[in-house]
Amino acid sequence: KNEVEQSPQNLTAQEGEFITINCSYSVGISALHWLQQHPGGGIVSLFMLSSGKKKHGRLIATINIQEKHSSLHITASHPRDSAVYICAVGGADGLTFGKGTHLIIQP
Amino acid sequence: GAGVSQSPSNKVTEKGKDVELRCDPISGHTALYWYRQSLGQGLEFLIYFQGNSAPDKSGLPSDRFSAERTGGSVSTLTIQRTQQEDSAVYLCASSSRTGNNEQFFGPGTRLTVL
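Protein sequences appear in the order of chains H and A.
Take the first sequence: its letter number 3 is residue 0 in the numbering used here, and every next letter is one higher.
Basically the numbering used here = 1-based index in the second sequence + 42.
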């Protein structure tokens, strides 16, 4: 079974700061997902990647398959980015999730 | 097109009662997944369907849990003789095929067992 570790568990930053959330996993995978969950809200898929780097707006996700590591970056962070960010790995037989990173961006 | 929908959005039940949770995937999505998020816990995988078939049911927490999918569309997750530890948000997701495709999540059903 794949073990998924995220760090940090909690992160509080000021508006405008560059944010990095890390994810490592124990077993080689076919795809890694970054998900976002707002308080009381549903889960939104931000990225799915199997190699390299993807960018969407102020969000950037990278993955290093050899090192079994991925990072999610947020540039020019904003209070509306406050949410739980969840890393998940897996494929056809469902996802294994990290415990999430609780991000608070203060104005 | 509509996203993944789930019903009910909230369910409060008494210990020992049976509950049925419903998931409507995105039209045309052949893969459907059930997950659970317990209070203070992370997300855990329960079961997935490819078409109407569930190849692996080992993720279900106990034999009180069962799931089915008919017509390659709607799925129901049934919990019999509910216990307080079953209280959680039950999430459904669908994707266009198993493998690397992105999963789209429903809003979840919040189940509270009194």
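Every residue gets a Cβ at the ideal spot worked out from N, C-alpha and C, and that includes glycine.
Exercise. Would you please verify whether the beta carbon of G39 (chain H) is less than 9 Å from any beta carbon of chain A?
Key: Stepping through the first sequence from its first residue, residue 39 (chain H) is reached at position 42. Yes, its Cβ sits closer than 9 Å to a Cβ of chain A.
Quiz item: Taking buried to mean at least 16 other C-beta atoms within 10 Å of its own C-beta, is D78 (chain H) buried or exposed?
Solution: Here the question's residue 78 (chain H) lines up with position 81 in the first sequence. With a threshold of 16 other beta carbon atoms within 10 Å, D78 (chain H) meets it and is buried.
Quiz item: Roughly how many whole angstroms lie between the Cα atoms of G13 (chain H) and F94 (chain H)?
Solution: Position 16 of the first sequence holds residue 13 (chain H). Position 97 of the first sequence holds residue 94 (chain H). The straight-line gap from Cα to Cα measures roughly 28 Å.
Exercise. Using a cut-off of 9 Å between C-beta atoms, extract the partners of L92 (chain H) located in chain A.
Key: In the first sequence, the residue the question calls residue 92 (chain H) occupies position 95. The contacting residues are Y75, Y77, L85, F87, A135, Q145.
Quiz item: Do we get a CB-CB distance below 9 Å when we pair G97 (chain H) with the residues of chain A?
Solution: Counting from 1 along the first sequence, the entry for residue 97 (chain H) is found at position 100. For G97 (chain H), the answer is yes, since a Cβ of chain A falls inside 9 Å of its Cβ.
Exercise. Please state whether DSSP places E86 (chain A) in a helix, a strand or coil.
Key: Here residue 86 (chain A) corresponds to residue number 44 of the second sequence, with the count starting at 1. Residue state, collapsed to three classes: strand.
Practice problem: List the residues of chain H whose Cβ lies closer than 7 Å to the Cβ of D98 (chain A), in chain order. | Solution: Translated into the one-based positions of the second sequence, residue 98 (chain A) becomes position 56. Per Cβ cutoff of 7 Å: D90.
Quiz item: Of all the residues that make up the region 99 to 118 of chain A, which are near chain H by a beta-carbon distance shorter than 8 Å?
Solution: Here the close residues are G101.
Practice problem: Check D105 (chain A) in the structure and name its three-state DSSP category. | Solution: Translated into positions along the second sequence, residue 105 (chain A) becomes position 63. Coil.
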